[in-house]
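For reference, the structure discussed in these notes is given below.
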Amino acid sequence: MTKRVMIVDDEKDVREALGQTVELADLDPLRAGSFIEAKDHIDPTFDGVIVTDIRMPGRDGFYLLDHVRKVDADLPVILLTGEGDIPMAVKAMSEGAYGFLEKPCGAKELLAVVEKALKARALVMENRRLKQELDRGDAAARMLVGISAASDALRARVRAVARASAEVLITGEPGTGTPKIAEIIHLLSGAASRPFIKRPAAQLSAEDLLAAFAEADSGTLYLDEVTALAPPVQFALLEALEDGSTVRVLSGTSTDVDAAVKDGSFSTDLFYRLDLMRIHVPALRDRPEDIPVLFRHYVAQACEQANLPEPPISPDLIAGLMAQDWPGNARGLMNSAMRFAMGMGDEAVGAKAGEGLGLSEQLAQVERSLLIEALQRAGGRSGQAAQALKLPRKTFYDKLTRYGLKPDDYRQ
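Read left to right, the sequence shown gives residues 6 to 417 (the numbering used here).
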């Protein structure tokens, strides 16, 4: 159920008191002192309810109610009334207000009306989400490509997990796409309209973690390779979760998290807090029937992005693809598809790819050489190099760190 409650009142003491009542009920208050402060938060994606005083300087509670009705007629507005305002409040009910409370109102009376309104709002938002899924196919169908039974089971599991509000641990071998699973969970959840923040665990300090929580703002925070969190950051994360944060934390790992707990490198308490729900992404070798479908999907995607005609994909090429173990999993297959789309032909994905270095090692060499070339052309200017490679700056810096590259080494 959604937990946001916007409290609009020009009296600071009243706002604070109502906000405290809401917080003690494990709800998420959003305080505003006027219509002007409140209106920027009011749109059809606001998944909470509004509690507003009627009598305020300037644009009053009735003006706010009228504005809300125009923006989203299904957004509940609860009016706070003085003794002489009750007839007006009753009239407002006929014009679309969800309810009214006489001031001063007790915590029990306030929360009873607010929680009922929140349930009504949650039902509206869920119905809208389901309609959107029917209109365009949900994120699991669009982003998890595959025809195997394992892919069907993965999509079903992701949908089920997305409907919950608990923390999720996503496991899988390198290249299986745990960050994508996290993004899909977010898109299918009730927090889809709020921020989705991704952070690599190995680079986080306790301060960075708290900043990420603030940025997520009642949305979703994904921690990639969570077992790499330093011990102080593990403690900070556990403390944030135990304090009742409104941010949903999803974490992923390609390492043996159970072994990390057993050897003491990862907090047992934190593990059990993060592992409330688990999703395991199967390796590509365990679902070979998905390889042709995924390869064609990646080739079409690469050609569309580069404005290139799609090259023919022969049966022999498909046979060669399916004969490989793909240690790089979906990421390795995608990189090979991109090289094939750029005209490297069957050699880009032939059986010889398994000789000498593994596919993932070869692809790493290619990626590293492209990064170095971009830095050299840009004279060590990282922003220009990232732009040339069409990479977000954070992704670019993450790759530099992975390969031990420093822009200063290429400055001219």
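Every residue gets a Cβ at the ideal spot worked out from N, C-alpha and C, and that includes glycine.
Bear in mind the structure is a predicted one, so any value in this text is a computation, not a measurement.
Identify whether residue i lies in helix, strand or coil by the three-state DSSP scheme.
{"i": "V286", "result": "coil"}
{"i": "R9", "result": "strand"}
{"i": "K203", "result": "strand"}
{"i": "E120", "result": "helix"}
{"i": "E212", "result": "helix"}
{"i": "E294", "result": "coil"}
{"i": "S194", "result": "coil"}
{"i": "L396", "result": "coil"}
{"i": "T406", "result": "helix"}
{"i": "E16", "result": "coil"}
{"i": "F105", "result": "strand"}
{"i": "S341", "result": "helix"}
{"i": "D79", "result": "coil"}
{"i": "S482", "result": "Residue 482 lies beyond the residue range present for the chain, which begins at 6 and ends at 417; the question has no answer from this structure."}
{"i": "I318", "result": "coil"}
{"i": "A30", "result": "coil"}
{"i": "T232", "result": "helix"}
At the level of alpha carbons, what is the spacing between residue i and residue j?
{"i": "L376", "j": "R398", "result": "13 Å"}
{"i": "Y103", "j": "S270", "result": "52 Å"}
{"i": "D48", "j": "D79", "result": "11 Å"}
{"i": "S153", "j": "P287", "result": "11 Å"}
{"i": "V95", "j": "L70", "result": "13 Å"}
{"i": "P412", "j": "R386", "result": "7 Å"}
{"i": "M181", "j": "G409", "result": "According to the sequence as given, residue 181 is Thr; it is not Met. Whole-angstrom Cα-Cα distance: 23 Å."}
{"i": "R126", "j": "A393", "result": "45 Å"}
{"i": "A146", "j": "M343", "result": "22 Å"}
{"i": "E220", "j": "R204", "result": "11 Å"}
{"i": "E131", "j": "K124", "result": "11 Å"}
{"i": "I55", "j": "A328", "result": "59 Å"}
{"i": "T406", "j": "A122", "result": "48 Å"}
{"i": "M282", "j": "E188", "result": "16 Å"}
{"i": "D414", "j": "R382", "result": "13 Å"}
{"i": "G325", "j": "N334", "result": "15 Å"}
{"i": "T251", "j": "G224", "result": "8 Å"}
{"i": "T183", "j": "Q25", "result": "38 Å"}
{"i": "L85", "j": "D403", "result": "51 Å"}
{"i": "D45", "j": "F51", "result": "10 Å"}
{"i": "V129", "j": "V76", "result": "15 Å"}
{"i": "R60", "j": "I202", "result": "39 Å"}
Pick out whichever of the options has its Cα sitting closest to the Cα of residue i.
{"i": "R290", "options": "D330, L326 and Q310", "result": "D330"}
{"i": "P317", "options": "V238, M130 and A346", "result": "A346"}
{"i": "A265", "options": "G87, Y227 and L234", "result": "L234"}
{"i": "G53", "options": "P62, M61 and P34", "result": "P34"}
{"i": "S156", "options": "A379, G63, G384 and H285", "result": "H285"}
{"i": "F67", "options": "M93, T400, V118 and G249", "result": "M93"}
{"i": "G249", "options": "F201, D213, S170 and P184", "result": "S170"}
{"i": "I186", "options": "S198, D229, A97 and A217", "result": "D229"}
{"i": "S39", "options": "A22, L23 and P62", "result": "P62"}
{"i": "I41", "options": "A22, D65 and I59", "result": "D65"}
{"i": "A167", "options": "R134, D274 and V150", "result": "R134"}
Please list, in chain order, all residues of the same chain as residue i whose beta carbon is under 8 Å from its beta carbon, the five residues on each side excluded.
{"i": "R278", "result": "E172, L243, L246 and E247"}
{"i": "L29", "result": "A112"}
{"i": "L215", "result": "A241 and A245"}
{"i": "T273", "result": "V266"}
{"i": "T232", "result": "A206, T258, T260, V262, A265, S270 and F271"}
Can you find the residues in the same chain that come closer than 6 Å, C-beta to C-beta, to residue i, ignoring five residues on each side of it along the sequence?
{"i": "L32", "result": "K8 and V10"}
{"i": "V13", "result": "A37, A43 and T57"}
{"i": "G361", "result": "Below a pLDDT of 50, predicted positions are generally treated as unreliable, and G361, at 47, falls in that range; the measurement from the model is reported next regardless. Result list for G361: empty, nothing under 6 Å."}
{"i": "A391", "result": "R398 and F401"}
{"i": "P200", "result": "A221, D222 and G224"}
Within a Cβ cutoff of 7 Å, which residues of the same chain sit near residue i, ignoring the five residues on either side of it in sequence?
{"i": "I323", "result": "P297"}
**Prompt:** Using 8 Å as the Cβ pair cut-off and three pairs as the minimum, do the segment 193-208 and the segment 18-35 touch?
**Reply:** These segments do not touch.
**Asked** Three or more C-beta pairs closer than 8 Å, one from the segment 336-343 and one from the segment 295-302: is that the case here?
**Response** Result yes; three or more Cβ-Cβ pairs closer than 8 Å.
**Item:** Contact the segment 254-261 vs the segment 104-116: 3+ CB pairs below 8 Å
**Value:** A contact between stretches requires three or more CB pairs, one per stretch, nearer than 8 Å, and the segment 254-261 fails this requirement with the segment 104-116.
**Asked** Does the count of Cβ pairs from the segment 251-258 and the segment 168-184 closer than 8 Å reach three?
**Response** Because the criterion of three Cβ pairs below 8 Å is met, the segment 251-258 and the segment 168-184 touch.
**Request:** Assess, as a yes-or-no matter, whether the segment 189-196 is touched by the segment 154-171 under the definition of 3 or more beta carbon pairs within less than 8 Å.
**Result:** Yes, they touch.
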